[in-house]
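*Asks:* Residue numbers (our numbering): 451 to 686.
For glycine and all other residues, C-beta sits at the position ideal for the given N, C-alpha and C.
This is the structure we're talking about:
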């Protein structure tokens with residue numbers, strides 16, 4: 451299985467950190483985001499990686515090299531101009547030519563979800579081209595519960611809103627995805643809606659997994675703290 455990581459974004463909301471570093475190299479709990487991602491997938495048997503780079507590409511190549519220091523094999527596909535998430539994958543078509551299926555990961559998430567659930571779902575629905583992971587919507591705010599008299603019963607700090615599910619940014623795709631991709635444009639606005647219309651896109655819902663997205667300075671602090679707490683819990 452090949453792991454494909456989208457690592458070409460500018461990370462504008464994380465400036466000035468991203469003025470000199472690509473977003474994927476920003477450290478979370480003393481380790482770059484992309485390092486966390488490679489270790490997570492490696493622990494599930496993924497040993498070959500394709501990194502889709504763009505902004506400050508050389509920095510990523512300098513840090514990861516050929517992957518040997520992490521015990522994996524890494525190749526790169528570089529976009530010379532912003533192509534969007536879909537265009538970045540299409541740009542790497544030659545490097546995906548021998549792959550029937552591959553795991554695709556957004557470059558700004560840290561998670562421990564099990565990719566085998568995606569593989570099992572695909573095996574049961576051969577007509578489908580992709581499987582999308584989904585997690586409950588995390589509330590950005592704490593909420594309160596109160597009784598009929600308006601007296602507060604308790605506070606709940608940023609709960610999961612379990613009736614709503616969001617795209618977790620981890621996918622399993624067949625190579626046929628390339629037929630749905632533009633040379634420029636985002637996967638989420640081009641291929642995914644078409645696949646959904648054709649009923650060729652599956653979803654796997656994950657409960658009780660560690661999943662965080664890093665889009666801002668506030669996210670960076672929250673994810674670092676959450677990851678430390680998670681690591682401490684796993685050590686008990």
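Where in the region 527-563 do unbroken runs of the beta strand (DSSP E), each at least 3 residues long, occur, reported from the N-terminal end onward?
*Replies:* 551-555, 559-561
*Asks:* Using DSSP with H/G/I as helix, E/B as strand and the rest coil, what is residue 649?
*Replies:* coil
*Asks:* When we look at the beta-carbon of residue 633 and count the other beta-carbons within 10 Å, is it buried (16 or more) or exposed?
*Replies:* exposed
*Asks:* Is the number of C-beta pairs between the region 498-508 and the region 451-459 that are closer than 8 Å three or more?
*Replies:* Contact annotation: the region 498-508 touches the region 451-459, with at least three C-beta pairs closer than 8 Å.
*Asks:* When burial is assigned at 16 or more other CB atoms within 10 Å of the CB, is residue 688 buried or exposed?
*Replies:* Any answer about residue 688 is impossible in this case: the structure gives the chain only from 451 up to 686.
*Asks:* Rounded C-beta distance between residue 649 and residue 630? I'm assuming under 8 Å.
*Replies:* Actually they are not in contact, since the Cβ atoms of residue 649 and residue 630 sit about 14 Å apart, beyond 8 Å.
*Asks:* So the candidates are 559, 520, 540, 671; which of them puts its Cα closest to the Cα of residue 619?
*Replies:* Residue nearest to residue 619 within the set 559, 520, 540, 671 is 559 (criterion: CA-CA distance).
*Asks:* May I ask you to report which of helix, strand or coil DSSP gives residue 466?
*Replies:* coil
*Asks:* For residue 643, does the three-state DSSP call read helix, strand or coil?
*Replies:* helix
*Asks:* Residues in its own chain within less than 7 Å of residue 635 by CB, not counting five upstream and five downstream?
*Replies:* Its chain contains 534, 536, 537 as the residues whose beta carbon lies nearer than 7 Å to that of residue 635, once the 5 sequence neighbours on both sides are disregarded; these appear in chain order.
*Asks:* Can you round the beta-carbon distance between residue 581 and residue 673 to whole angstroms, since I take them to be within the 8 Å contact cut?
*Replies:* No, residue 581 and residue 673 are not in contact; Cβ-Cβ is about 25 Å, not under 8 Å.
*Asks:* Excluding the 5 residues flanking residue 575 on each side, which residues of the same chain have their C-beta closer than 7 Å to its C-beta?
*Replies:* Same-chain partners within the cutoff: 652.
*Asks:* Could you tell me whether the region 510-522 touches the region 613-627, using the rule of 3 or more Cβ pairs below 8 Å?
*Replies:* Segments in contact, no.
*Asks:* Could you tell me the distance, in whole angstroms, from the CA atom of residue 594 to the CA atom of residue 588?
*Replies:* 15 Å
*Asks:* Can you name the residues that DSSP bridges to residue 487?
*Replies:* BP columns for residue 487 are empty, so no partner.
*Asks:* By DSSP's criteria, residue 581 is part of a beta bridge. Which residues make up the other side?
*Replies:* 622, 652
*Asks:* Beta carbon of residue 491, beta carbon of residue 553: below 8 Å?
*Replies:* yes
*Asks:* Expressed to the nearest angstrom, what Euclidean distance is found between the alpha-carbon atoms of residue 641 and residue 610?
*Replies:* 28 Å
*Asks:* For residue 562 versus residue 496, is the C-beta spacing smaller than 8 Å?
*Replies:* no
*Asks:* Within its chain, find whatever has a CB closer than 6 Å to the CB of residue 523; leave out the 5 residues flanking it on each side and keep chain order.
*Replies:* 498, 517
*Asks:* Tell me which residues share the same chain as residue 607 and place their Cβ nearer than 7 Å to its Cβ, disregarding the 5 neighbours each side in the sequence.
*Replies:* Cβ within range, chain order: 592.
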